[in-house]
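Peer 1: Protein chains in written order, with UniProt numbering: chain A, 1 to 661; chain B, 1 to 661. Quick reminder that beta carbons are idealized off the backbone N, C-alpha and C, glycines included. What you are looking at is a predicted structure, and each value in this text was computed from that prediction instead of being measured.
2 protein chains.
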Amino acid sequence: MDQLGEERRKAQFDVDDMKIVWAGSRHNFEVSDRMAKLVASDPGFRKDTRTMLARKELFKNTLRKAAYAWKRIVELRLSEEEASKLRFYVDETAFTDLHWGMFVPAIKGQGTEEQQQKWLPLAYKMKIIGCYAQTELGHGSNVQGLETTATFDHQTDEFVMHSPTLTSSKWWPGGLGKASTHAVVYARLITDDQDQGIHGFIVQLRSLEDHLPLPGITIGDIGMKFGNGGYNTMDNGVLRLDHVRIPRSHMLMRVLQVTREGKCIQSDVPRQLVYGTMVYVRQAIVADASCALSRAVCIATRYSAVRRQFGSQNGGPETQVIDYKTQQNRLFPLLASAYAFRFVGEWLNWLYTDVTQRLQANDFSTLPEAHACTAGLKSLTTTATADGIEECRKLCGGHGYLCSSGLPELFAVYVPACTYEGDNTVLLLQVARFLIKTVSQLGSEKKPVGTTSYMGRVEHLMQCRSDTQRAEDWLKPSAILEAFEARATRMSVACAQKLSKFSNPEEGFAELSADLVEAAVAHCQLIVVTKFLEKLQQEIPGKGVKQQLEALCNIYALFLLHKYQGDFLATGCITSKQASLANDQLRSLYSQVRPNAIALVDAFNHTDHFLGSILGCYDGNVYPKLYEAAWKDPLNDSVVPDGYHEYIRPLLKQELRTARL
Amino acid sequence: MDQLGEERRKAQFDVDDMKIVWAGSRHNFEVSDRMAKLVASDPGFRKDTRTMLARKELFKNTLRKAAYAWKRIVELRLSEEEASKLRFYVDETAFTDLHWGMFVPAIKGQGTEEQQQKWLPLAYKMKIIGCYAQTELGHGSNVQGLETTATFDHQTDEFVMHSPTLTSSKWWPGGLGKASTHAVVYARLITDDQDQGIHGFIVQLRSLEDHLPLPGITIGDIGMKFGNGGYNTMDNGVLRLDHVRIPRSHMLMRVLQVTREGKCIQSDVPRQLVYGTMVYVRQAIVADASCALSRAVCIATRYSAVRRQFGSQNGGPETQVIDYKTQQNRLFPLLASAYAFRFVGEWLNWLYTDVTQRLQANDFSTLPEAHACTAGLKSLTTTATADGIEECRKLCGGHGYLCSSGLPELFAVYVPACTYEGDNTVLLLQVARFLIKTVSQLGSEKKPVGTTSYMGRVEHLMQCRSDTQRAEDWLKPSAILEAFEARATRMSVACAQKLSKFSNPEEGFAELSADLVEAAVAHCQLIVVTKFLEKLQQEIPGKGVKQQLEALCNIYALFLLHKYQGDFLATGCITSKQASLANDQLRSLYSQVRPNAIALVDAFNHTDHFLGSILGCYDGNVYPKLYEAAWKDPLNDSVVPDGYHEYIRPLLKQELRTARL
Ligand SMILES: Cc1cc2nc3c(=O)[nH]c(=O)nc-3n(C[C@H](O)[C@H](O)[C@H](O)COP(=O)(O)OP(=O)(O)OC[C@H]3O[C@@H](n4cnc5c(N)ncnc54)[C@H](O)[C@@H]3O)c2cc1C
Ligand SMILES: Cc1cc2nc3c(=O)[nH]c(=O)nc-3n(C[C@H](O)[C@H](O)[C@H](O)COP(=O)(O)OP(=O)(O)OC[C@H]3O[C@@H](n4cnc5c(N)ncnc54)[C@H](O)[C@@H]3O)c2cc1C
Ligand SMILES: [Ca+2]
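1. Would residue 392/A count as contacting chain B if we go by Cβ distances under 8 Å?
2. Would you list, in sequence order, the uninterrupted beta strand (DSSP E) runs of no fewer than 3 residues that lie entirely inside the segment 228-296 of chain B?
3. Answer with yes or no whether the minimum CB distance from residue 565/B to chain A is below 8 Å.
4. Going by other Cβ atoms of all chains shown within 10 Å of its Cβ, with 16 needed for buried, is residue 230/A buried or exposed?
5. Using CA atoms only, rank isn't needed, just tell me which of 206/B, 194/B and 146/B is closest to residue 318/A.
6. Can you name, in chain order, every residue of its own chain whose Cβ lies under 8 Å from the Cβ of residue 498/A, other than the five neighbours on each side?
7. Taking 7 Å as the line, does the beta carbon of residue 635/B fall inside it for any heavy atom of ligand 1?
8. Write down every uninterrupted run of the alpha helix (DSSP H) in the segment 314-378 of chain A whose length is 4 residues or greater and which is fully enclosed by it, in chain order.
9. I'd like to know if residue 198/B contacts chain A, where contact means its C-beta is closer than 8 Å to some C-beta of that chain.
10. Of the choices 256/B, 643/B and 322/B, whose alpha-carbon is the least far from that of residue 7/B?
11. Below 8 Å between beta carbons: does that hold for residue 95/B and residue 180/B?
12. Work out the CA separation of residue 270/A and residue 261/A for me, nearest whole Å.
13. DSSP beta-bridge partners for residue 40/A?
14. By how many angstroms is the C-alpha of residue 570/B removed from the C-alpha of residue 442/B?
15. Using the beta-carbon count (16 or more within 10 Å), is residue 253/B buried or exposed?
16. In whole angstroms, what is the alpha-carbon distance linking residue 627/A and residue 633/A?
17. What is the residue span of the alpha helix (DSSP H) that residue 462/B lies within?
18. Return the CA-CA distance between residue 328/B and residue 204/A, expressed in angstroms with no decimal places.
19. Are the C-beta of residue 64/B and some C-beta of chain A separated by less than 8 Å?
20. What do you reckon, are the CB atoms on residue 297/A and residue 335/A nearer than 8 Å?
21. Please state the DSSP three-state secondary structure of residue 170/A.
22. Buried or exposed: residue 677/B, going by 16 or more other Cβ atoms within 10 Å of its Cβ?
23. Taking the Cβ atom as the reference point for each residue, do residue 565/B and residue 142/A lie within a distance shorter than 8 Å?
24. Taking only beta-carbon atoms, is residue 481/B less than 8 Å away from chain A?
25. Given a limit of 8 Å on CB to CB distance, which residues of the segment 586-599 of chain A reach chain B?
26. Report all residues from its chain with a CB closer than 6 Å to the CB of residue 10/A; omit the five preceding and five following residues, and keep chain order.
27. Would you report the Cα separation of residue 267/A and residue 76/A, rounded to the nearest angstrom?
28. Who are the neighbours of residue 505/A on chain B, taking C-beta pairs under 8 Å?
29. Use the C-beta contact count for residue 567/A: other C-beta atoms within 10 angstroms, 16 or more gives buried, fewer gives exposed.
30. Is the beta carbon of residue 186/B within less than 7 Å of some heavy atom of ligand 1?
31. Does the Cβ of residue 470/B have 16 or more other Cβ atoms within 10 Å, making it buried, or fewer, making it exposed?
32. Given a cut-off of 8 Å, decide if residue 282/B and residue 472/B are closer than it, judged by their beta-carbon atoms.
33. For residue 626/A, decide whether its Cβ has a neighbour in chain B, counting only Cβ atoms nearer than 8 Å.
34. With which residues is residue 159/A paired in a DSSP beta bridge?
35. Apply the 10 Å Cβ neighbour rule to residue 350/B and answer buried if 16 or more other Cβ atoms are within range, or exposed otherwise.
36. Is the beta carbon of residue 33/B closer than 8 Å to that of residue 545/B?
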């Protein structure tokens with residue numbers, strides 16, 4: 001029975017048009033589609049044995065794939081856009097991620113013109129491999145607390161890079177452990193015994209001839225991480241520097257220059273430049289979140305349509321588990337979230353352009369807001385995605401626990417996104433700080449901008465009450481928006497009021513930080529809802545496409561409204577009757593989405609190779625494939641397992657006393 | 001600096017007394033302590049290289065440990081209690097878990113006296129190794145849908161065991177894949193073409209001489225599962241039966257007998273017997289939950305006291321992250337949950353005795369309630385524990401992502417508890433069904449019993465309002481209890497009312513199932529809170545011990561009240577002002593627990609071996625140990641990695657064109 005074929009026939013919209021919307025443009029779709037298929041059809045990129053390999057083999061195979069990908073990129077003369085898509089579809093975390101994603105951007109962002117001209121051509125050709133060495137054993141979140149020192153030596157015109165303590169060992173940088181030849185090392189600049197703060201330095205780690213660490217340098221891999229294949233394809237590393245000397249010109253000096261005399265000179269490049277990079281990195285993380293979540297949702301949705309359990313009547317087929325309302329209530333909000341994060345990611349992309357242009361025009365007015373907003377969205381989307389992947393795994397019952405479902409590895413490789421580039425709680429506290437500041441300025445000249453501009457209507461939002469009276473009223477964008485804006489405003493204002501009772505504001509902030517985080521979450525959820533609604537204000541071509549997106553947007557919003565109804569009720573934005581109506585509406589939205597669910601995940605255009613999941617395969621032919629795959633486990637190399645003679649037989653024969661164990 | 005020593009000095013209670021409370025009795029404590037130390041001090045049980053092994057080595061090593069554990073058990077003439085504790089502290093999922101935990105109990109529960117006399121002595125000596133083969137590729141939750149057949153053959157007085165379809169392949173049973181010689185296979189009994197439902201059959205799988213599968217039997221391992229070591233020490237297996245013949249006497253016939261003539265005779269043993277086993281298995285799962293959660297909490301708590309980040313003043317030490325209120329707000333409710341689950345597990349243990357006695361007295365009146373309550377508590381505690389372990393991992397920042405933190409593997413090995421022995425959502429639906437039935441009988445003769453007896457006060461609970469006026473009022477057990485009872489009652493009653501509007505009750509149940517699950521959760525949370533409060537009514541000796549437990553109980557309850565304030569507000573049990581007071585009280589409880597946090601996790605009495613975590617080690621000497629451990633990864637066997645010459649060098653030297661990749 002072609003279960004999924006039948007599902008596809010039920011769809012009420014044009015899936016090809018939706019693919020374009022998901023991809024962002026026809027161009028994006030075409031490049032992605034081409035690169036995805038290129039990777040999928042090339043046996044050199046197979047990944048189905050990844051979870052069976054021990055660490056060394058696994059890592060060696062990653063080195064092979066990285067080299068092979070680069071070879072193909074060069075052979076096919078791929079554009080930068082195509083190359084980065086190709087690497088993306090290879091779908092194996094590797095040192096190249098850091099080289100392209102952190103090392104190159106650090107030089108671009110923090111290097112002078114001269115430095116860029118020296119280093120970038122080497123990096124672009126991969127004549128050197130670079131990584132980004134910031135975190136230490138003792139300091140991650142608190143970058144200002146880093147202990148590695150870079151001391152200027154007047155005599156030799158060099159910096160002496162040194163790890164003075166055990167906790168100052170660099171620890172975590174990806175690509176550092178085994179692959180990189182160079183690193184941007186963040187260290188405390190010291191000139192004439194003066195602490196000049198943390199700056200980046202280009203340090204050569206290994207000989208370009210034999211790959212051995214240079215004198216004074218100790219490097220290694222920090223060991224196994226979560227998951228089987230997972231992130232273990234990456235050589236996150238440890239680095240100790242013992243008075244390693246580098247030329248003065250290796251300090252990245254775009255913002256601060258150290259002269260031959262050891263004087264520090266602030267350049268006229270604005271310090272705020274870092275914001276640009278931050279917005280860039282974080283918009284990429286949000287885009288990744290929507291992608292990772294869409295993979296998990298695609299797997300769980302397809303399998304939920306294939307899996308049948310209970311409800312057979314008169315010997316007929318059982319019920320598809322996707323028809324259970326509990327399954328829908330767990331799955332469809334995640335489907336909606338994948339779309340919501342996609343669109344907010346698209347908007348962040350725009351924001352990055354906007355920020356860049358403003359920086360060029362020396363307009364810094366929107367930067368703090370852009371910074372807070374990207375911090376918050378990074379936190380919100382990565383947390384929701386990590387949790388969502390695991391929920392999708394559970395939605396697949398027992399079979400979701402097999403690596404062949406693809407979900408365990410997807411989870412293991414995804415979760416650190418909640419920690420790196422800013423611990424999610426630390427980020428929300430930054431958002432909260434910004435919100436409190438915004439509230440404190442509400443009466444003043446300074447009007448709230450960007451994603452906080454709704455707070456300009458604080459008076460209305462503090463006292464408005466939702467006027468929804470029937471379930472359908474909750475479909476109105478204005479009803480949703482007002483409820484979310486009112487809730488976010490009231491939570492921020494309530495925190496500000498409580499804070500004002502403390503004589504020491506920092507103490508107050510610390511004491512109330514759990515509440516502040518909740519206010520920050522409310523604000524971030526509002527942003528996602530707003531951007532989804534704004535997207536729907538655009539023209540969206542394609543039969544039925546817009547209707548589907550409207551349903552998903554409403555599911556996203558009303559699911560949040562239900563899950564966080566405590567916020568909405570406690571702040572008096574809605575009544576419990578209205579909350580209940582929203583919930584009724586949510587249920588009927590599920591029914592509306594149900595016949596379109598398979599097509600909505602098809603629209604992600606994930607190849608079977610990229611999904612890496614038997615449960616999620618396009619043809620839905622789950623059971624024969626699961627059965628086949630099982631036999632490939634090395635444990636099935638022999639019928640009688642290794643160890644039988646030594647350990648099982650003596651047990652059964654009651655001969656353990658003399659056995660060597 | 002002996003950070004944790006200082007923390008221990010701050011504690012305001014006697015940790016040795018708390019250890020007894022945690023263990024349940026002095027006897028339990030002593031046995032556990034002795035067995036834990038026995039395992040920890042024996043190099044034969046080392047587990048620190050587990051995550052580095054490939055599957056075959058990993059599995060072979062598990063076989064060794066299982067045999068070695070048995071050898072020690074025999075040598076030391078350990079009692080059953082001691083033996084099971086020893087296996088527990090070996091802390092490696094293995095075929096023996098199923099042998100002792102499912103195979104033996106199945107024979108005890110479903111075998112006749114005669115069958116027990118035949119099989120149990122063999123099993124007790126491990127002359128045979130058994131597993132529990134119920135789930136199939138196509139059927140897990142819906143046991144009644146199993147497809148494997150056991151057809152009675154009149155001529156030979158045998159059953160013919162057969163897998164008629166691909167989806168009827170047994171799939172998942174632990175110990176089946178490689179180790180077991182026997183299985184209890186659940187199959188559809190067919191006599192004279194009549195379907196007689198699902199029953200258990202003892203099937204020999206492998207020869208006792210050479211361990212080869214017997215004729216007609218195909219067996220293998222189903223492949224890699226979540227995590228690295230994780231559950232991959234277990235040989236979850238696939239089994240196909242091709243007309244395999246077994247004697248009639250191998251059907252487990254305690255409840256239903258098949259005679260030589262192929263007649264089915266119901267025995268006078270009550271069918272409800274299964275409930276006894278179910279309560280037993282589930283109370284064990286709840287006890288496991290508290291143990292797994294306590295491990296994660298112990299690791300995160302100790303590391304949070306060691307880890308310092310930000311907040312250094314005048315060059316002094318930074319703030320311990322455990323002092324951040326956001327950290328406390330994530331961590332302390334989990335600490336409280338570990339204790340809460342421990343005590344509800346203790347109570348379930350009592351319930352099992354009670355149920356057993358009633359069964360013997362042919363009193364079935366409390367069984368449905370006991371069944372619903374254990375189903376609900378299994379679901380609630382395993383979900384909270386799985387989520388809690390991952391939260392603890394995140395609480396450790398980047399270092400939590402290393403396998404050496406112990407947390408990734410703890411998570412990976414724990415999560416299937418949400419799926420096996422009843423999918424958690426399916427279980428909550430069963431609870432909901434029972435609640436709705438209870439509500440429908442409220443006016444009648446049938447009074448609600450056991451954990452639903454609060455519903456007897458439905459009239460009061462439907463209209464009462466909390467009278468808390470100050471934050472401290474929320475410390476009163478009566479205030480907490482009434483709020484939780486009122487909320488649970490109102491949610492069940494509201495569902496029942498909505499259901500009554502459907503002409504077809506089953507349709508209504510399906511449509512409203514998401515709401516029903518929420519009502520079930522509310523009921524289960526009430527049970528946990530109630531049992532914790534009841535525990536505190538007992539005499540609890542030891543300096544300061546009871547005070548600490550009271551604080552934890554209040555944290556557990558008020559944290560839930562805050563997290564689910566939407567329920568409490570929507571049902572009008574409390575006002576938003578009261579919700580806010582509860583939250584204030586919660587914050588001050590955190591401050592109260594803070595100085596005791598380390599001692600409260602010490603009270604779990606986990607050895608460093610059992611914890612298997614560098615971040616959680618007793619002496620808090622985290623950084624040097626992390627650093628040491630890293631170098632043991634096989635990837636660090638050589639400074640220049642395997643694959644450098646083939647893949648890195650050609651890349652750097654721009655010689656990929658001619659490289660073999
Ligand atoms: C897979 C992976 C890859 C990585 N790659 C790189 C890389 O390439 N280069 C690199 O330099 N680094 C890398 N890192 C390191 C990463 O950036 C850090 O782990 C991250 O910044 C978190 O910092 P931390 O580990 O110090 O967490 P911590 O700050 O120690 O967090 C521990 C706990 O303390 C809490 N906390 C900390 N400060 C506060 C506060 N002020 N208020 C309230 N709570 C607080 C946190 O919320 C958390 O719960 C990587 C990490 C991982 C896991
Ligand atoms: C590690 C592990 C060890 C195991 N060990 C054993 C063993 O030793 N022996 C053995 O026999 N089995 C074993 N199992 C199998 C286990 O018992 C089943 O996986 C479990 O019963 C869940 O069933 P399922 O996989 O069919 O899930 P499914 O029922 O297929 O669940 C899939 C989804 O459908 C939903 N769903 C299903 N029915 C309904 C419904 N009526 N209403 C609403 N939603 C529904 C579920 O909530 C879930 O989201 C093991 C499984 C694992 C993961
Ligand atoms: Ca492995």
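Peer 2: Taking the definition as stated:
1. no
2. 237-241, 244-247, 256-258 and 264-266
3. yes
4. buried
5. 146/B
6. 508, 512 and 515
7. no
8. 325-360
9. no
10. 322/B
11. yes
12. 24 Å
13. In DSSP, residue 40/A forms no bridge with anything.
14. 23 Å
15. buried
16. 11 Å
17. 458-463
18. 42 Å
19. yes
20. yes
21. strand
22. Past the edges of chain B, shown from 1 to 661, lies residue 677/B, and the structure says nothing about it.
23. no
24. no
25. 587
26. 595
27. 42 Å
28. Ordered by position in chain B, no residue passes the 8 Å Cβ test against residue 505/A, which lies about 15 Å from the chain.
29. buried
30. no
31. exposed
32. no
33. yes
34. 152/A and 246/A
35. exposed
36. no
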